[in-house]
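So the protein lines, in turn, are chains A and B.
According to my numbering, the stretch in the first sequence is residues 1 to 109, in order.
According to my numbering, the stretch in the second sequence is residues 1 to 116, in order.
Scroll down for the structure; my scribbles are underneath it.
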Amino acid sequence: GDSVTQMEGPVTLSEEACLTINCTYTATGYPSLFWYVQYPGEGLQLLLKATKADDKGSNKGFEATYRKETTSFHLEKGSVQVSDSAVYFCALGTDKLIFGTGTRLQVFP
Amino acid sequence: GAVVSQHPSRVICKSGTSVKIECRSLDFQATTMFWYRQFPKKSLMLMATSNEGSKATYEQGVEKDKFLINHASLTLSTLTVTSAHPEDSSFYICSARQGGGTGELFFGEGSRLTVL
Numbered sequence: 001g002d003s004v005t006q007m008e009g010p011v012t013l014s015e016e017a018c019l020t021i022n023c024t025y026t027a028t029g030y031p032s033l034f035w036y037v038q039y040p041g042e043g044l045q046l047l048l049k050a051t052k053a054d055d056k057g058s059n060k061g062f063e064a065t066y067r068k069e070t071t072s073f074h075l076e077k078g079s080v081q082v083s084d085s086a087v088y089f090c091a092l093g094t095d096k097l098i099f100g101t102g103t104r105l106q107v108f109p
Numbered sequence: 001g002a003v004v005s006q007h008p009s010r011v012i013c014k015s016g017t018s019v020k021i022e023c024r025s026l027d028f029q030a031t032t033m034f035w036y037r038q039f040p041k042k043s044l045m046l047m048a049t050s051n052e053g054s055k056a057t058y059e060q061g062v063e064k065d066k067f068l069i070n071h072a073s074l075t076l077s078t079l080t081v082t083s084a085h086p087e088d089s090s091f092y093i094c095s096a097r098q099g100g101g102t103g104e105l106f107f108g109e110g111s112r113l114t115v116l
């Protein structure tokens, strides 16, 4: 069945460092791909999404490109801030979503 | 964005009792809501799809009689964990779809259940 694999965390970075959180998937068909973020004490929020191959989703300085050839949707940000500290979930699907295990990002000043 | 609220956010109960968790869409109507369970360091596992006015659709391996889901109105779905046991302790999260079809999903804050 469909699945999502994320890199394990925590990822610990200094402020202004570059971020990459890897996400790969296996799927039949052509699902949409998502990144959700969960800040401490809050529910999951949609960060960005891409609905077809080669689409790039972007929001709040984060980007991810739907790469069919490598079945990947890596999350990137050029310069992280302390406020980006959260758990990030990669997900795929159309109606029902399948989530990765989540990657905790900790950014220190 | 739209708001989905869960209540209670934390609940502790004794083994053998039943616990009800509510999921409300506060500013939109949701014909479909989803219930997830999240284990520590694990992904969110979809438990069931809740459809307003009809029976929930459960994922394989999820006990229907154990996890009762009711979607009585367009803004409220409830999950009742019946005869709870320590292994039911987990973080339960609901989400609601705004509009039909592929409308965006909005998630509740989650409810942490601890069964003693």
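Heads up, the beta-carbon is just placed ideally off N, CA and C, and yes, glycines get one too.
All values derive from a computational prediction rather than experimental measurement.
Rounded straight-line distance, which links the Cα of residue j to that of residue i
| i | j | result |
| --- | --- | --- |
| Gly41 of chain A | Gly110 of chain B | 9 angstroms |
| His7 of chain B | Leu44 of chain A | 16 angstroms |
| Phe28 of chain B | Gly16 of chain B | 35 angstroms |
| Ser32 of chain A | Leu92 of chain A | 6 angstroms |
| Asp54 of chain A | Arg10 of chain B | 41 angstroms |
| Ala17 of chain A | Ala96 of chain B | 35 angstroms |
| His74 of chain A | Phe106 of chain B | 22 angstroms |
| Ser3 of chain A | Ile12 of chain B | 32 angstroms |
| Cys23 of chain B | Lys60 of chain A | 28 angstroms |
| Leu76 of chain B | Ser14 of chain A | 42 angstroms |
| Val82 of chain A | Leu97 of chain A | 29 angstroms |
| Ser87 of chain B | Thr114 of chain B | For clarity, residue 87 of chain B is Glu in the given sequence; the question names Ser instead. About 9 angstroms. |
| Gln38 of chain B | Gly1 of chain A | 19 angstroms |
| Gly110 of chain A | Lys14 of chain B | In the structure as shown, chain A starts at 1 and stops at 109, and residue 110 of chain A therefore has no counterpart that could be examined. |
| Leu47 of chain A | Ala56 of chain B | 28 angstroms |
Min CB distance residue i to chain A below 8 angstroms
| i | result |
| --- | --- |
| Leu68 of chain B | no |
| Gly108 of chain B | yes |
| Lys55 of chain B | no |
| Tyr75 of chain B | Position check: residue 75 of chain B holds Thr in this sequence, whereas Tyr was assumed. By this cut-off, Thr75 of chain B is not an interface position. |
| Ser117 of chain B | With chain B running from 1 to 116 in the structure shown, residue 117 of chain B is simply not present. |
| Thr49 of chain B | yes |
| Val4 of chain B | yes |
| Leu116 of chain B | no |
| Glu104 of chain B | yes |
| Leu46 of chain B | yes |
Residue-level contact to chain B via CB, residue i, 8 angstroms cutoff
| i | result |
| --- | --- |
| Lys96 of chain A | yes |
| Gly100 of chain A | yes |
| Glu63 of chain A | no |
| Leu46 of chain A | yes |
| Gly57 of chain A | no |
| Gly43 of chain A | yes |
DSSP bridge partner residues for residue i (one or two, in chain order)
| i | result |
| --- | --- |
| Cys13 of chain B | B:Val115 |
| Gly29 of chain A | Bridge partners of Gly29 of chain A: none, in fact. |
| Ala91 of chain A | A:Phe34, A:Phe99 |
| Gln29 of chain B | BP columns for Gln29 of chain B are empty, so no partner. |
| Leu68 of chain B | B:Thr80 |
| Cys23 of chain B | B:Gln6, B:Ser77 |
| Tyr39 of chain A | BP columns for Tyr39 of chain A are empty, so no partner. |
Closer than 7 angstroms: residue i CB and nearest the ligand COA heavy atom
| i | result |
| --- | --- |
| Phe34 of chain A | You won't find the ligand COA in this model; it holds no ligand whatsoever. |
Three-pair Cβ contact test at 8 angstroms for the region 68-87 of chain B versus the region 73-92 of chain A: The answer is no - the region 73-92 of chain A does not touch the region 68-87 of chain B, with fewer than three Cβ pairs under 8 angstroms.
With three or more C-beta pairs closer than 8 angstroms as the rule, is the region 62-74 of chain B touching the region 5-25 of chain A? For the pair of segments examined, the region 5-25 of chain A was found not to touch the region 62-74 of chain B: the number of CB pairs separated by less than 8 angstroms stays below three.
Uninterrupted beta strand (DSSP E) stretches inside the region 46-85 of chain A (no shorter than 3 residues): Fully enclosed beta strand (DSSP E) runs of 3 or longer: 56-59, 62-65, 75-77.
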